[in-house]
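K.L.:
Following this message is one structure expressed as structure tokens.
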Amino acid sequence: MIKKLFYFAILLFHCYSLQAQADSLVKPVENALIWKIEGNGLQYPSYLMGTVHAIPIGNIDTSQKLKNLIISCTRLFTETSDSLFMAGVFLPANDSVKNHLKKRHYKQLKKAIEFYSPNSVETDSIYKMNAVLYRNILLGYKAQVYFTSYEEYLILIANAKNIATDGLETSEDLAPLQKMYGQNAFTYLSNFIDNIDIELELYKRGLKEYAKHNINYLYYSQLRPETQFFTDILDKRNLNWLPKIKTAIKKESCFFAIGAAHLAGNNGLVNLLRKEGFTVSPY
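In my numbering, the protein residues as written are 1 to 283.
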């Protein structure tokens, strides 16, 4: 479950902007969730899919078409490999989220934790997580929905066919995220609890746009005054991934499952790959 929360946390650190304002900043790409990468001397086609990291199970694409596309490839990439999911997830052993929140905030969080893990006690690891991961527990509790990991579902498909799985990030690549989730994370969590109704509506809106394949909206929704967040979460990570993606697709046919907000924008993966000379088209 913690891996699912980690996936979802990265995507949900959002602040929605008006579409018209965003249009003046970036040029939209086509709206599509799956893209085919070919040309530029590649021997095999590869594919790029935008995901929502944690999603109600009923919203997952379980079609045979998607399964066939994955098993046509020889390697599945997600953002981070399994061995790195736990990096920066937990507080020190002698610490607890209870020590960082006011009583009223902790009371609300505890109810949400009990929804997800009814048999847990305050000494369990679920009470010692990095603050940002609780956003997903709170949203799920408010909506009375259990989230599942899109990436885990895709990995299960790959594993069933003995397709190799890998991650695009290293522990060093995750350092900016861990720094961002550090000093002010619990203040942010407190504000999130105070505004949970608004946050849930924003998430629902994002999910509706995802169902429409509107990756431009999902990209615009990340625009916020804290430009360092925008740079670290999206642009820097995209630029870090680009050489790894190029190396991988030159060797074999790959399927990349990446948060949908990473696809659009001037420094989105679609435009970055196009600038490198690849043909990237909606599939």
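We put the beta carbon where it would ideally sit given N, CA and C, even for glycine.
Just to check my reading of the structure: A260 and V52 have Cβ atoms closer than 8 Å, yes? What is that Cβ distance to the nearest angstrom?
P.N.:
Contact holds; Cβ gap of about 6 Å.
K.L.:
So I193 and L269 are in contact, right, with Cβ under 8 Å, and what is the actual spacing, rounded?
P.N.:
Actually they are not in contact, since the Cβ atoms of I193 and L269 sit about 33 Å apart, beyond 8 Å.
K.L.:
Are there 16 or more other CB atoms within 10 angstroms of the CB of Q222, so buried, or fewer, so exposed?
P.N.:
The residue in question, Q222, is buried, as its Cβ has 16 or more Cβ neighbours within 10 Å.
K.L.:
So, at 6 Å on beta carbons, what are the nonlocal neighbours of A248 in its own chain, with the 5 sequence-adjacent residues on each side left out?
P.N.:
Closer than 6 Å at Cβ, skipping near neighbours: C254.
K.L.:
Please classify K275 as buried or exposed, where buried requires at least 16 neighbouring CB atoms within 10 angstroms.
P.N.:
Answer is exposed; the Cβ neighbour count stays below 16.
K.L.:
Quick test of your reading: A32 and L154, contact by CB under 8 Å. State the CB separation rounded to the nearest angstrom.
P.N.:
That pair is no contact at about 17 Å.
K.L.:
For the candidate residues L109, T148 and K244, whose alpha-carbon lies nearest to that of N59?
P.N.:
The option with the nearest alpha carbon to N59 is T148.
K.L.:
Exposed or buried, which one is R135 when buried takes at least 16 other CB atoms within 10 Å?
P.N.:
It counts as buried.
K.L.:
So the beta strand (DSSP E) L76 belongs to, where does it begin and stop?
P.N.:
Its beta strand (DSSP E) spans residues R75 to T80.
K.L.:
How would you write the range of the alpha helix (DSSP H) that G206 sits in, first residue to last?
P.N.:
Counting along the chain, the alpha helix (DSSP H) containing G206 begins and ends at I196 to A211.
K.L.:
How is D232 classed by DSSP in three states: helix, strand or coil?
P.N.:
Helix at D232.
K.L.:
Which term fits T78, buried or exposed, when burial requires 16 or more other beta carbons within 10 angstroms of its beta carbon?
P.N.:
So T78 ends up on the buried side.
K.L.:
In whole angstroms, what separates the C-alpha of I70 from that of K98?
P.N.:
Roughly 42 Å between the two C-alpha positions.
K.L.:
Which runs of the beta strand (DSSP E), 3 residues or longer, sit entirely within the region 234-259?
P.N.:
Complete beta strand (DSSP E) runs here, min 3: 254-259.
K.L.:
Three-state secondary structure (DSSP) at I34?
P.N.:
In the structure shown, I34 sits in a strand (DSSP, three-state: E or B).
K.L.:
Is the Cβ-Cβ distance between F186 and A131 less than 8 Å?
P.N.:
Taking 8 Å as the Cβ cut-off, F186 and A131 qualify as a contacting pair.
K.L.:
Where E151 and L48 are concerned, what is the direct C-alpha to C-alpha distance, given to the nearest angstrom?
P.N.:
C-alpha separation (whole angstroms): 13 Å.
K.L.:
Using 8 Å for Cβ pairs, my map puts N216 next to P45. What's the rounded Cβ distance?
P.N.:
N216 to P45, Cβ: 24 Å. No contact.
K.L.:
How many Å lie between N266 and A160 at the Cα?
P.N.:
Approximately 36 Å between the Cα atoms of the pair.
K.L.:
Rounded to a whole number of angstroms, what is the C-alpha to C-alpha distance between L242 and L66?
P.N.:
Using only the alpha carbons, I get a separation of about 24 Å.
K.L.:
Taking the alpha helix (DSSP H) that F115 belongs to, which residues open and close that run?
P.N.:
Counting along the chain, the alpha helix (DSSP H) containing F115 begins and ends at K103 to Y116.
K.L.:
Give me, in chain order, the residues of the same chain whose beta-carbon lies closer than 7 Å to that of A143; leave out the 5 immediate sequence neighbours on both sides.
P.N.:
So the list reads L200, once near-sequence residues are dropped.
K.L.:
Tell me the DSSP secondary structure of L48 in three-state form.
P.N.:
Looking at L48 - three-state DSSP - the assignment turns out to be strand.
K.L.:
Taking the alpha carbon of D124 as the point to measure from, which residue in S72, R237 and S96 has its own alpha carbon closest?
P.N.:
For D124, the nearest C-alpha among the options comes from S96.
K.L.:
Where does R104 land, buried or exposed, given buried means 16+ other C-beta within 10 angstroms?
P.N.:
Flag for R104 reads exposed.
K.L.:
Between D166 and R75, is the Cβ-Cβ spacing less than 8 Å?
P.N.:
In contact: D166 and R75 (Cβ atoms closer than 8 Å).
K.L.:
Using DSSP with H/G/I as helix, E/B as strand and the rest coil, what is A261?
P.N.:
The answer is helix: DSSP assigns A261 an H, G or I state.
K.L.:
Going by C-alpha to C-alpha distance, which of I57, I198, S117 and N240 sits closest to D173?
P.N.:
Nearest of I57, I198, S117 and N240 to D173, Cα basis: N240.
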